[in-house]
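What follows is a set of notes on a single structure, which appears directly below.
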Amino acid sequence: MRDMMPLRFVFSLLISIPTYTYSAGQSGWGGGNVDEGQVKSAVCQGCHGPDGNSFSPDWPNLAGQNANYLSRQIRDFQSGARQDPSMQSMVMGLVEQDIADITAYFEAQKVKADVTSGSAAGRRLYMGGNRYTHLPACAGCHGPNGAGNGPGAIPRLAGQKSGYVAKAMRDFKTGVRSNDRNQIMRDIAAKMTEKEIEAVAQFLAGMGAEKVPGSGG
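Residue numbers (this note's numbering): 630 to 846.
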């Protein structure tokens, strides 16, 4: 039960903080300008795509991702709290307004989920966890629709690249990545088997697509 307390606290944020929406050209709730962000994000687009939908299964989609979460990750790359040589070199020159504009642009884009991906086992784990290993449901923090929560800096997972999700979970599990709040993700990943990680990653890649076939995996 002790492991569930941080998650319950974060879940309370999901139901108590209002959501914010804005259209292209407007400033987002974080003060970013979408049009300016499109121009400034040119350096990101080589890997993450012009609209934030990545070309590679191992590189994350940024389209539709919560700006507050993206901003936090960029700052963590800048400070060294999150390690990745390529990303750190890309973001070191960004100032706060640049970060706000770029993340507002990507948040305003539409993520393209993988219609060929899916996993019935992954769906069960995402929605219900694993009571035998005390693994909490991912939906408790990231929401039943995988949208996360912007003001709470909880990332959107729906439509995310399966290779990226699986790597992120392995990195949390091994401690390679440690910029999660209160060690929540490291504690969760430590309870997951490789098969569970792959199943959840496959489910999330197809989440939000018009048709998500269940692989039964």
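Positions of the beta carbon are idealized from the N, C-alpha and C atoms, including for glycine.
Return helix, strand or coil for Asn759, following the three-state DSSP convention.
Strand at Asn759.
What whole-angstrom Cβ distance do Ala742 and Ala696 have, given they're in contact under 8 Å?
In fact, because the Cβ distance is near 20 Å, the residues do not count as touching under 8 Å.
Where Leu764 falls: helix, strand or coil (DSSP)
Strand.
Residue(s) in a DSSP beta bridge with Asn778
Asn778 is bridged to Ile783.
Asn808 to Thr745 span [Cα, whole Å]:
Asn808 and Thr745: Cα-Cα distance of roughly 31 Å.
Whole-angstrom distance between Asp800 and Gly722, CA atom to CA atom
Approximately 26 Å, taken between the alpha carbons.
With 16 as the cutoff for other CB atoms within 10 Å, does Gln738 come out buried or exposed?
Buried: at least 16 other Cβ atoms inside 10 Å.
Please name the residue or residues paired with Asn682 in a DSSP beta bridge.
In the DSSP output, where bridge partners are listed per residue, Asn682 has none listed.
Going by C-alpha distance, which of Pro765, Gly788, Gly666, Arg704 is nearest Asn690?
Relative to the Cα of Asn690, the nearest Cα in the group Pro765, Gly788, Gly666, Arg704 belongs to Gly788.
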